[in-house]
Amino acid sequence: VSPAATASAAASAAAPSADTTVTWSVRPADTAQGRDRPNYAYDLQPGGTVGDALYVANRSPQPITLSVYAADGFLTEDGSLDILAGGVASTDLGSWVQVETPELTLDSGASAEVPFLITVPADAPPGDYAAGVVASMRVTADNGTITERRLGSRVHLRVLGDLAPALTVGDVVVDYHGTANPVEAGSATVTYTLTNTGNTRLDPAVDVALGGPFGLAAVSAADDAPELLPGSSLQRTVEVAGVVPLGLLAADVTATSQVVSRTLAGAEPSALDPLVSEGAAATAAMPWTVLAILAALALFIVWRVVAARRRKAAHARELA
5 VSPAATASAA
15 ASAAAPSADT
25 TVTWSVRPAD
35 TAQGRDRPNY
45 AYDLQPGGTV
55 GDALYVANRS
65 PQPITLSVYA
75 ADGFLTEDGS
85 LDILAGGVAS
95 TDLGSWVQVE
105 TPELTLDSGA
115 SAEVPFLITV
125 PADAPPGDYA
135 AGVVASMRVT
145 ADNGTITERR
155 LGSRVHLRVL
165 GDLAPALTVG
175 DVVVDYHGTA
185 NPVEAGSATV
195 TYTLTNTGNT
205 RLDPAVDVAL
215 GGPFGLAAVS
225 AADDAPELLP
235 GSSLQRTVEV
245 AGVVPLGLLA
255 ADVTATSQVV
265 SRTLAGAEPS
275 ALDPLVSEGA
285 AATAAMPWTV
295 LAILAALALF
305 IVWRVVAARR
315 RKAAHARELA
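So for the sequence shown, this note's numbering puts the first residue at 5; every next one is plus one.
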């Protein structure tokens, strides 16, 4: 979960100053749901509940007061998982989490477990949901800017039911970049957008293939795209070297996605078949340097022919 979020707001009298050094740590507590977990992961039926806890420890030399809350997860532009800032209302999993102690005060070196309860609505659609449970502190700078420092753990929940994985590859654009050296291959930039239109988390492996007419001079590159949450969209850019300009350059983007089952170690892999999605685009890839050389050569030949004809005409006039 992102460690900080910044917003401008009125300073709170209880907020620490900007130069206050505080340190704390969080992790999933060891409960009946698991031990030594990297994050939280559950499979629940609609209307189901599960209880768990967040372990929080104060590493600071002074007491600290932290806010503990849950919020919906989303993907940032680079594909990282973040959660909504404090005070922003959640509409999915974040709103289903009830934290027992929303505000926690810990002495130096002290620790505590903060229980929480997840209650899935009876009418919740099946599929995957993401959120985070965090312990946060707001720090006010001298200029009045409030920075929310927060640490937390991810929460992944699958509401059981019909799973319908779906992924689209769209907005494919390819640009060719030639070189001044007529015998050297150029490169290409392929931009495309992945959109998870299904209800499961997907882990796509993307292959970008480039080639001239009839697949001549084919080259390819792989793109290790991040996991996609249901409903999320992510734009990706891939640079491909060794592209030979043959007049027309075609790009084929193929995403082979696995359905992510759970995030806990030792979890069973998904039984669903891999999902294959494709997109394509084309552009002109002209060998401009070669064409310029050929044009210059053609002009030179034309000049020589014209000059020879002029000399021949002049010689004929002299004879006459």
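Every residue, glycine too, gets a C-beta built ideally from N, C-alpha and C. Note that the structure is predicted; figures quoted are calculated from it, not measured.
#1: Considering only DSSP beta bridges, list what His401 is partnered with.
#2: Let's see if you can read the secondary structure: which residues bound the beta strand (DSSP E) around Ser99?
#3: Where Tyr180 and Ala229 are concerned, what is the direct C-alpha to C-alpha distance, given to the nearest angstrom?
#4: What distance in whole Å lies between the Cβ atoms of Asp111 and Asn62, which are believed to be in contact at a cut-off of 8 Å?
#5: What residue from Thr193, Ala289, Gly190 and Thr123 has the CA that sits closest to Val101's CA?
#6: So, Val248 versus Asp227, is the Cβ gap smaller than 7 Å?
#7: Assign Gly38 to one of three DSSP states: helix, strand, or coil.
#8: For Pro125 and Gly51, what's the separation of their Cα atoms in angstroms?
#9: Report the three-state DSSP secondary structure of Val264 (helix, strand or coil).
#10: Measuring alpha carbon to alpha carbon, tell me which residue in Leu238, Phe304, Ala254 and Arg142 is nearest Val177.
#11: Got a sec: does the ligand ZN put a non-hydrogen atom nearer than 6 Å to the Cβ of Ala254?
#12: Note the first and the last residue of the continuous beta strand (DSSP E) segment covering Gly131.
#13: Can you grab the Cα-Cα spacing for the pair Leu268 / Arg240, in whole Å?
#14: Mark Trp28 as exposed unless 16 or more other C-beta atoms lie within 10 angstroms of its C-beta, in which case mark it buried.
#15: Between Val136 and Val159, which are expected to be in contact by the criterion C-beta below 8 Å, what is the C-beta distance as a whole number of angstroms?
#16: Using the rule of at least 16 other Cβ atoms within 10 Å of the residue's Cβ for burial, across every protein chain shown, is Ser84 buried or exposed?
#17: Hey, Ser261 and Leu279: beta-carbon distance below 7 Å or not?
#18: Would you decide whether Phe304 is buried or exposed? Buried here means 16 or more other CB atoms lie within 10 Å of its CB.
#19: Can you round the beta-carbon distance between Val103 and Val60 to whole angstroms, since I take them to be within the 8 Å contact cut?
#20: Kindly indicate which residue of Ala93, Val212 and Arg31 has the alpha-carbon position closest to the one of Pro119.
Checking against the coordinates, here is how it stands:
#1: The chain is shown only over 5 to 324; residue 401 falls outside these bounds and no answer can be derived.
#2: Against the sequence shown, residue 99 aligns to sequence position 95. Taken as a continuous stretch (DSSP letters only), Ser99 belongs to no beta strand (DSSP E), being part of the alpha helix (DSSP H) at Leu97 to Trp100.
#3: Taking the sequence shown and counting its residues from 1, the one referred to as residue 180 is at position 176. Taking the sequence shown and counting its residues from 1, the one referred to as residue 229 is at position 225. Taking the CA atoms as reference points, Tyr180 sits about 22 Å from Ala229.
#4: The sequence position of residue 62 within the sequence shown is 58, counting from 1. The sequence position of residue 111 within the sequence shown is 107, counting from 1. Indeed they touch by this definition, with Cβ atoms about 7 Å apart.
#5: Counting from 1 along the sequence shown, the entry for residue 101 is found at position 97. Comparing Cα-Cα distances from Val101 to each of Thr193, Ala289, Gly190 and Thr123, the minimum goes to Thr123.
#6: For this step, residue 248 is matched to residue 244 along the sequence shown. For this step, residue 227 is matched to residue 223 along the sequence shown. Cβ distance not < 7 Å, so Val248 and Asp227 don't count as in contact.
#7: Reading the sequence shown from its first residue, position 34 is the one you call residue 38. For Gly38, the three-state secondary structure derived from DSSP is strand.
#8: The sequence position of residue 125 within the sequence shown is 121, counting from 1. The sequence position of residue 51 within the sequence shown is 47, counting from 1. Taking the straight line joining both Cα atoms gives about 5 Å.
#9: Counting from 1 along the sequence shown, the entry for residue 264 is found at position 260. Correct three-state label for Val264: coil.
#10: Translated into positions along the sequence shown, residue 177 becomes position 173. It is Ala254 whose Cα lies nearest to the Cα of Val177.
#11: Here there are no bound small molecules, and the ligand ZN is not part of this structure.
#12: In the sequence shown, counting from the first residue as 1, residue 131 sits at position 127. Residues Gly131 to Thr144.
#13: Start at 1 with the first residue of the sequence shown, and residue 268 comes out as number 264. Start at 1 with the first residue of the sequence shown, and residue 240 comes out as number 236. Interpretation of Leu268 is limited by its pLDDT of 47, a score under 50 that renders its predicted location unreliable; no figure is taken from the coordinates.
#14: Walking along the sequence shown from the start, residue 28 turns up at place 24. Residue environment for Trp28: buried (at least 16 other C-beta atoms within 10 angstroms of its C-beta).
#15: Numbered from its first residue, the sequence shown carries residue 136 at position 132. Numbered from its first residue, the sequence shown carries residue 159 at position 155. Going by the sequence as given, residue 136 is Gly instead of Val. Cβ atoms of Gly136 and Val159 come within 8 Å of each other, at about 6 Å.
#16: As a working note, residue 84 is residue 80 in the sequence shown. In this structure Ser84 is exposed. Its beta-carbon is surrounded by fewer than 16 other beta-carbon atoms within 10 angstroms.
#17: The residue labelled residue 261 in the question sits at position 257 within the sequence shown. The residue labelled residue 279 in the question sits at position 275 within the sequence shown. The answer is yes: Cβ separation under 7 Å.
#18: On the sequence shown, residue 304 is found 300 positions in, with the first residue counted as 1. So Phe304 ends up on the exposed side.
#19: Within the sequence shown, residue 103 is the residue found at index 99, counting from 1. Within the sequence shown, residue 60 is the residue found at index 56, counting from 1. At roughly 11 Å, the Cβ-Cβ gap does not stay under 8 Å, so Val103 and Val60 are not in contact.
#20: Mapped onto the sequence shown, residue 119 falls at position 115. Taking the Cα of Pro119 as reference, the smallest distance to any Cα among Ala93, Val212 and Arg31 is reached at Arg31.
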